[in-house]
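Engineer:
2 protein chains.
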Amino acid sequence: MTSLRLLNLLSLLQTPREWPGGELAERLAVSRRTVRRDVERLRDLGYPVVATMGADGGYRLVAGTAMPPLLLDDEEAVAIAVGLVTAARHPVQGIEEASVRALAKLEQVLPSRLRHRVASLGAATVPLPGVEGFDVDPGRLTALAMAVANRERVRFRYLAADGAESARLVDPHRLVAAGRRWYLLAHDHDRDDRRLFRVDRIDDVRATGARITTTEPEDPAAYVAAKLYSGTPTYGAVVTLHAPAEDVARAVPGEVTPLDGRTCLLRASADTLDWLAFRLITLGCEFEVHEPPELVAHLRGLAARLTRASAPGTPAPAGSPPRGTPRSRRAGPPR
Amino acid sequence: MTSLRLLNLLSLLQTPREWPGGELAERLAVSRRTVRRDVERLRDLGYPVVATMGADGGYRLVAGTAMPPLLLDDEEAVAIAVGLVTAARHPVQGIEEASVRALAKLEQVLPSRLRHRVASLGAATVPLPGVEGFDVDPGRLTALAMAVANRERVRFRYLAADGAESARLVDPHRLVAAGRRWYLLAHDHDRDDRRLFRVDRIDDVRATGARITTTEPEDPAAYVAAKLYSGTPTYGAVVTLHAPAEDVARAVPGEVTPLDGRTCLLRASADTLDWLAFRLITLGCEFEVHEPPELVAHLRGLAARLTRASAPGTPAPAGSPPRGTPRSRRAGPPR
DNA sequence: GTCAGTAGGTCGGTTCCTGTCCTACATCGA
DNA sequence: TCGATGTAGGACAGGAACCGACCTACTGAC
Numbered sequence: 000m001t002s003l004r005l006l007n008l009l010s011l012l013q014t015p016r017e018w019p020g021g022e023l024a025e026r027l028a029v030s031r032r033t034v035r036r037d038v039e040r041l042r043d044l045g046y047p048v049v050a051t052m053g054a055d056g057g058y059r060l061v062a063g064t065a066m067p068p069l070l071l072d073d074e075e076a077v078a079i080a081v082g083l084v085t086a087a088r089h090p091v092q093g094i095e096e097a098s099v100r101a102l103a104k105l106e107q108v109l110p111s112r113l114r115h116r117v118a119s120l121g122a123a124t125v126p127l128p129g130v131e132g133f134d135v136d137p138g139r140l141t142a143l144a145m146a147v148a149n150r151e152r153v154r155f156r157y158l159a160a161d162g163a164e165s166a167r168l169v170d171p172h173r174l175v176a177a178g179r180r181w182y183l184l185a186h187d188h189d190r191d192d193r194r195l196f197r198v199d200r201i202d203d204v205r206a207t208g209a210r211i212t213t214t215e216p217e218d219p220a221a222y223v224a225a226k227l228y229s230g231t232p233t234y235g236a237v238v239t240l241h242a243p244a245e246d247v248a249r250a251v252p253g254e255v256t257p258l259d260g261r262t263c264l265l266r267a268s269a270d271t272l273d274w275l276a277f278r279l280i281t282l283g284c285e286f287e288v289h290e291p292p293e294l295v296a297h298l299r300g301l302a303a304r305l306t307r308a309s310a311p312g313t314p315a316p317a318g319s320p321p322r323g324t325p326r327s328r329r330a331g332p333p334r
Numbered sequence: 000m001t002s003l004r005l006l007n008l009l010s011l012l013q014t015p016r017e018w019p020g021g022e023l024a025e026r027l028a029v030s031r032r033t034v035r036r037d038v039e040r041l042r043d044l045g046y047p048v049v050a051t052m053g054a055d056g057g058y059r060l061v062a063g064t065a066m067p068p069l070l071l072d073d074e075e076a077v078a079i080a081v082g083l084v085t086a087a088r089h090p091v092q093g094i095e096e097a098s099v100r101a102l103a104k105l106e107q108v109l110p111s112r113l114r115h116r117v118a119s120l121g122a123a124t125v126p127l128p129g130v131e132g133f134d135v136d137p138g139r140l141t142a143l144a145m146a147v148a149n150r151e152r153v154r155f156r157y158l159a160a161d162g163a164e165s166a167r168l169v170d171p172h173r174l175v176a177a178g179r180r181w182y183l184l185a186h187d188h189d190r191d192d193r194r195l196f197r198v199d200r201i202d203d204v205r206a207t208g209a210r211i212t213t214t215e216p217e218d219p220a221a222y223v224a225a226k227l228y229s230g231t232p233t234y235g236a237v238v239t240l241h242a243p244a245e246d247v248a249r250a251v252p253g254e255v256t257p258l259d260g261r262t263c264l265l266r267a268s269a270d271t272l273d274w275l276a277f278r279l280i281t282l283g284c285e286f287e288v289h290e291p292p293e294l295v296a297h298l299r300g301l302a303a304r305l306t307r308a309s310a311p312g313t314p315a316p317a318g319s320p321p322r323g324t325p326r327s328r329r330a331g332p333p334r
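As you go down the protein sequences, you meet chains X and W in turn. Numbering that gives the first Met the number 0 applies: residue 0 is where the first sequence begins, and numbers increase by one. Numbering that gives the first Met the number 0 applies: residue 0 is where the second sequence begins, and numbers increase by one.
1) I'd like to know whether the C-beta of V288 (chain X) is nearer than 9 Å to at least one C-beta of chain W.
2) Run down chain W in chain order and give the residues with a C-beta less than 8 Å from the C-beta of S111 (chain X).
3) At which residues does the beta strand (DSSP E) containing D273 (chain X) begin and terminate?
4) Count the other CB atoms, across all protein chains shown, that sit within 10 Å of the CB of E25 (chain X); report buried if there are 16 or more and exposed otherwise.
5) Which value, in whole angstroms, describes the spacing of the CA atoms of R197 (chain X) and H188 (chain X)?
6) So what's T212 (chain W) in DSSP terms, helix, strand or just coil?
7) Use the C-beta contact count for R278 (chain W): other C-beta atoms within 10 angstroms, 16 or more gives buried, fewer gives exposed.
8) Report yes if the C-beta of L23 (chain X) is less than 8 Å from at least one heavy atom of the ligand GTP; otherwise report no.
9) Just to confirm, is the Cβ distance from L264 (chain W) to T281 (chain W) under 9 Å?
10) Given a cut-off of 9 Å, decide if R152 (chain W) and S165 (chain W) are closer than it, judged by their beta-carbon atoms.
11) Can you tell me whether V13 (chain X) is buried or exposed, with buried defined as 16 or more other CB within 10 angstroms of its CB?
12) Sort W:E74, W:V288, W:S98, W:G45 by Cα distance to R112 (chain W) and report the nearest one.
13) Using the three-state DSSP reduction, which class does E22 (chain W) fall into: helix, strand or coil?
14) What is the C-beta distance between H186 (chain X) and R193 (chain X), in whole angstroms, given that I count them as a contact (C-beta under 8 Å)?
15) Any idea what DSSP makes of D199 (chain X), helix, strand or coil?
16) According to DSSP, G235 (chain X) sits in a beta bridge with which residue or residues?
17) Distance check for G57 (chain W) and T51 (chain W), CA to CA, integer angstroms please.
18) Which residue marks the beginning of the beta strand (DSSP E) containing S165 (chain X), and which one marks its end?
19) Would you check if the distance between the CB atom of L140 (chain X) and the CB atom of L174 (chain X) is smaller than 9 Å?
20) Distance, Cα to Cα, A250 (chain X) vs A118 (chain W)?
21) What residue does the alpha helix (DSSP H) around A303 (chain X) start on, and which one ends it?
22) Going by DSSP, what residues sit across from L158 (chain X) in a beta bridge?
23) Out of W:L184, W:A242, W:A209, state which residue places its alpha-carbon closest to the alpha-carbon of P216 (chain W).
24) Please name the residue, chosen from W:Y234, W:L305, W:L301, W:A267, that lies closest to P292 (chain W) on a Cα-to-Cα basis.
25) Closest by CA to Y222 (chain W), which one among W:A206, W:R210, W:A177, W:D199?
26) Contact criterion: CB-CB distance below 9 Å. Does G132 (chain W) meet it with respect to chain X?
27) For T141 (chain W), report the span of its beta strand (DSSP E) as first-last.
28) Can you tell me the Cα-Cα spacing of L9 (chain W) and G93 (chain X), whole angstroms?
29) I want to see whether chain W comes within less than 9 Å of T207 (chain X), judged by CB atoms only; does it?
30) Only counting the same chain, and skipping five residues up and downstream in sequence, which positions put a Cβ closer than 8 Å to that of A148 (chain X)?
31) L337 (chain W) and A76 (chain W) look like a contact to me (Cβ under 8 Å); what is the Cβ gap, rounded to whole Å?
32) Nearest-angstrom Cα distance between R4 (chain X) and D199 (chain W)?
33) Are L83 (chain X) and I79 (chain W) touching if we call contact CB-CB under 9 Å?
34) With 16 as the cutoff for other CB atoms within 10 Å, does R190 (chain X) come out buried or exposed?
35) Going along chain X in order, which residues have a C-beta closer than 8 Å to the C-beta of T14 (chain W)?
36) Does P68 (chain X) get closer than 9 Å to chain W when you measure Cβ to Cβ?
See the structure below:
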């Protein structure tokens, strides 16, 4: 079949190197002429293959106007999936939805032998500070994304803010990420009204097979924003930073006002104190917090904890096995 | 052309929903019979398409044994690229190389109109603490990855540890990630010897077009490990954590020994104090540091900084514009 | 200049592909 | 229980596409 050969050819050409026509002909078990024709076919499909002339020339796939089908080996597929899983955990502004869509697409076709690798590797992510239960399970996210794409009614269990658990039957309309949290905008059939669900409080998602009958609001983004800002606890911080304004503006989101060449004023808001403290600490500069008082108290608590942790002269507890040959310190880094 | 239709069909089937044959026939502008035959073709290619029988049945692509070609729209491609870029910045143990390979593959064919989006979005990543210049430029990484895959000799400028800059001509053999740093294992033609280069010190990578003539060591991993452990500064930390051993083991890499049900002993090593401190703080529990003394001092300095930052009653500097209507705090989260 | 590579035209035989029939079977809902 | 609506798949004939073999033209490196 010629389609299979075309895919194989694409797969070969996607490894970033030059392929002489003879080698391609051999690998695809066809004549050189046919390889040329296949290359022409790929070009017709919109995937530009450039050929460098002369001795030791060859074919190479370059960027065109359309994305060619990506042909991945197992490891690459796992790597991409892991990347998308962490992207779902720490959504990047502007492509949150596309990340989840891509993850759902990939999950749908990912061979089962690779799934456990993705799961185990995806779990070993860099932990960012947050409250318990903050972490979104990517599987839940993709299940909901599939339902949204499929326009399919779903059932799930929901843990409300007051701790009450309930079973819901909803028409899922859209997944949105706000800050570091995911929300599902849906029509709740039991309540017969639109609701905004926090995805990390959703569990046991089950497809019903029924089609969606309700419609989403004409401006989902505005709806979500209104719901969120009226309901989510938010801490607005005002901090003086001993660092140039331009450096700060690059590093953190928020409103940065330069005070002088070496200090600036930052206004930022977040939904947890942990997160605010984390962003401030990782800036690595001196700073003073003016508001809110909760953040001042939080930082003072953290300082106390660190002081306790670095109490001088604490001996290692008995029973700890002796360390082998200690690794060298302060040696020069490799060239 | 039938290959084009097959790709389109694959593309449709990859969106996670069910497709009735009639709709597919319409979209592909062929008869129902041909759709059935195309589905059969896909199955022959190893991509399992399941069909649910009965009224409102349809076709769906499911996970098989081989990865089908991924057909992505622009946004999904950007999302994947951004995910891989951050994965290159924060390599996940075990798939570092595959991540870069996938990124190189994607970069090669990514339409130019999407590149700037990837660049700008990829820059806005969560900053993790580290020394200056720690961050690897993903573009450099993919350039080197391409050279490795292409077995092509490259030129670059290198900033040695002592600050001396030099031009190098090398045969790149392999990219390896150790901890959070990338290294290039290569044969340096000027020195005529194997060298290990830190990728963040490499600049201005340029392909020469010449083929590689040297061979990599029979056991690259061992070679790199030997080079690294003999040369890189490493801090070995010994810390008592007031958290259950199993929780800790999940959250941080290192050797965890339970002391009792609620505390454990952690041995971990890293190349910067910032990184060690960061991992300990984000655990969120009480802890005591036994070794090394540098870490104790580092934490004490951090505690002092936080104490200064949370000095009571610091008024906001004059001239700061009054904040508009303050956002609500402590209101209930949305249902 | 020579050599080794790509680019591309032509031609005949063969293969494959397509649409139109047809029947068989599964599933849901009335 | 029956009918509607879906998939599954065989048979067939006309047409389109594909393939290899041969040829010439062009390009770049040694």
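No residue lacks a Cβ here, since even glycine has one placed at the ideal position from N, Cα and C.
Structural biologist: The answer reads as follows:
1) yes
2) A62
3) Taken as a continuous stretch (DSSP letters only), D273 (chain X) belongs to no beta strand (DSSP E), being part of the alpha helix (DSSP H) at 272-282.
4) exposed
5) 17 Å
6) coil
7) buried
8) For the ligand GTP, the structure offers nothing, since it holds no ligand at all.
9) no
10) no
11) The sequence given here places Gln at residue 13 (chain X); Val does not occur at that position. Its Cβ being crowded by 16 or more others within 10 Å, Q13 (chain X) is buried.
12) W:E74
13) helix
14) 6 Å
15) helix
16) X:S268
17) 5 Å
18) 164-177
19) yes
20) 16 Å
21) 292-308
22) X:E164
23) W:L184
24) W:Y234
25) W:A177
26) The predicted model places G132 (chain W) with a pLDDT of 42, which falls under 50 and marks its position as unreliable; any figure quoted below should be read in that light. Chain X contact via Cβ: absent.
27) Note, T141 (chain W): premise wrong, no beta strand (DSSP E); alpha helix (DSSP H) at 137-149.
28) 27 Å
29) no
30) R100, A103
31) Shown here, chain W extends from 0 to 334; a query on residue 337 (chain W) therefore has no answer.
32) 40 Å
33) yes
34) exposed
35) K104, A148
36) yes
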